[in-house]
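These notes concern the structure reproduced below.
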Ligand code: ISE
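This is the structure:
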């Protein structure tokens with residue numbers, strides 16, 4: 001039984017807590033930590049075996065915690081990963097690995113120095129059945145080489161603090177990792193284009209929507225539309241254009257309704273619910289790997305987190321310059337090759 005400690009028990013952390021306690025086999029949560037102690041204590045109240053530990057570093061070092069789930073604020077991920085690596089504990093870290101490529105590189109270096117792959121990064125799309133099918137079709141080569149991918153990542157509504165930086169490091173980063181994984185390639189160039197901004201943008205530092213253009217090492221181009229106040233629902237789209245056909249991500253199956261001369265299909269604004277199945281599969285894979293004393297090969301590694309951070313750094317640079325910026329990635333080290 002894997003004994004897990006969770007740092008960060010906000011909306012997503014609470015879901016991961018409940019998932020680990022009620023859905024995932026062979027794991028249990030023994031401790032949680034959060035800056036909002038009252039809320040955390042409320043969440044764990046129905047589970048008497050779970051302790052609240054105010055200091056996250058103390059939680060990481062706790063002898064009754066074998067593995068750490070990091071769902072705290074983005075800027076804290078790097079520090080908690082480094083401490084958990086030092087303690088030789090398994091880590092599930094939500095993206096981003098670090099707020100910057102330099103920070104992510106520090107985590108990669110520390111993991112390599114420790115000699116064991118301990119970090120799984122929470123890029124959940126890699127476990128989503130629809131994305132997996134899309135990847136299988138591309139990898140099979142039936143459609144020929146992929147040339148272009150169009151992605152859209154739309155959130156219904158975001159709070160006022162959401163700005164251009166988070167739109168890239170918190171939202172676009174999903175498209176960046178998913179496309180690198182789907183195409184088995186990495187990016188060499190990035191540019192951000194700002195169309196007219198929606199009146200629904202609540203922050204003068206948020207261009208909404210924005211379009212990210214990425215070029216892979218093989219010359220494939222990815223367009224990623226990031227729109228975090230689209231108003232209507234949570235909507236994720238992807239279409240890949242290949243030499244001999246196209247492959248399009250299916251819409252989530254919902255009932256199709258006909259009434260009063262209209263025809264509609266429901267949608268949801270709940271991004272966590274939208275990918276619930278992917279999260280469940282992802283967490284079971286993580287727990288199984290930890291219990292087997294290894295890492296999950298299907299999951300994103302710290303190196304993938306570093307590649308995503310180098311790409312987001314270039315996007316942030318392009319937001320300021322308006323230019324095509326290079327993405328300075330180096331070869332994947334042997335340590336991360338499978
Ligand atoms: C959030 O952090 C996520 O991971 C969601 O999947 C994404 O839709 C959202 O834009 C991010 O802020």
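Numbering (this note's numbering), first residue to last: 1 to 338. The beta-carbon is built from N, C-alpha and C at its ideal position, and this holds for glycine as well.
Sub-9 Å separation of residue 92 and residue 69 beta-carbons: yes
Nearest-angstrom Cβ-Cβ length linking residue 177 and residue 275, presumed shorter than 8 Å: So it is not a contact: roughly 14 Å between Cβ atoms.
DSSP state of residue 2 mapped onto helix, strand, coil: strand
From 327, 173 and 145, residue whose alpha carbon lies closest to that of residue 243: When each option's Cα is compared against that of residue 243, the closest is 145.
9 Å Cβ cutoff met for residue 174 and residue 95: yes
Span of the alpha helix (DSSP H), counted from its first residue to its last, around residue 38: 37-44
Residue list, Cβ distance to the ligand ISE heavy atoms smaller than 5 Å: 155, 170, 171 and 271
Residues near residue 191 by beta carbon distance below 6 Å, same chain, minus five either side: 213, 318 and 324
Cβ contact check for the region 221-231 and the region 150-163: 3 or more pairs under 8 Å: yes
Buried or exposed (CB count within 10 angstroms, at least 16 for buried), residue 296: buried
Residue 237, DSSP secondary structure in three states: strand
Check whether residue 121 and residue 313 have beta carbons under 9 Å apart: Not in contact: residue 121 and residue 313 (Cβ atoms no closer than 9 Å).
Where residue 58 falls, given that 16 or more other Cβ within 10 Å makes a residue buried: exposed
Cβ pair residue 80, residue 112 closer than 9 Å: no
Residue from 116, 165, 249 and 67 whose Cα sits closest to the Cα of residue 132: It is 249.
6 Å CB neighbourhood of residue 104 in its chain, flanking five on each side removed: 97, 98, 305, 306 and 309
Under 9 Å between C-beta atoms of residue 187 and residue 169: no
According to DSSP, residues forming a beta bridge with residue 248: Looking at the DSSP assignment, residue 248 forms a beta bridge with 239.
Element boundaries [beta strand (DSSP E), containing residue 187]: Where residue 187 is concerned, the enclosing beta strand (DSSP E) stretches over 187-193.
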